[in-house]
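Chemist: My questions all concern the structure below.
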Amino acid sequence: MSKFTKEMISGYANNLLIGLTEEEEKNISDEFDIIDENMDLINKIENIKDVEPLSFPFEVTLHELREDDDMDEEIPIEKLLQNCDKFEGREVEVPKVVG
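Throughout, my numbering is defined as the position within the sequence shown, counted from one, plus 1209.
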């Protein structure tokens, strides 16, 4: 049986100004039942209190950005445009990225 009663769910919904149908209340109650069952399973794990909480399961490595190099001379636009497939004037056409 759920620790969250139908009255509690409808009361919370009313406080949050959410209108729920009977079916939605039942679905929420069923979801809380599943959560309660899973929490009970977790609580049955031996020595669970000795386990440190995990905030992120992967080691994060920070990459430092390199310093910008000051350029003594400018590269001519014509030389830069030699690397481009399609361009018109000083405008470069790139592949479409967004759908």
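Beta carbons: idealized from backbone N, C-alpha and C, even for Gly.
Could you say if the stretch 1230 to 1247 and the stretch 1210 to 1219 meet the contact criterion of at least three C-beta pairs nearer than 8 angstroms?
Modeler: Verdict: yes, contact present.
Chemist: Looking at the unbroken alpha helix (DSSP H) that takes in Leu1250, where does it start and where does it end?
Modeler: Element bounds for Leu1250: 1231 to 1252.
Chemist: So Glu1287 is in the alpha helix (DSSP H); what residue range does that whole segment cover?
Modeler: Note, Glu1287: alpha helix (DSSP H), 1286 to 1290.
Chemist: Return helix, strand or coil for Met1210, following the three-state DSSP convention.
Modeler: Reliability of the predicted coordinates at Met1210 is poor, the pLDDT of 49 falling under 50, and the value obtained from them is presented with this limitation in mind. DSSP places Met1210 in coil when its eight states are reduced to three.
Chemist: Does DSSP put Glu1273 in a helix, in a strand, or in coil?
Modeler: Coil.
Chemist: Helix, strand or coil for Glu1297? Go by DSSP, reduced to three states.
Modeler: Three-state DSSP puts Glu1297 in a strand.
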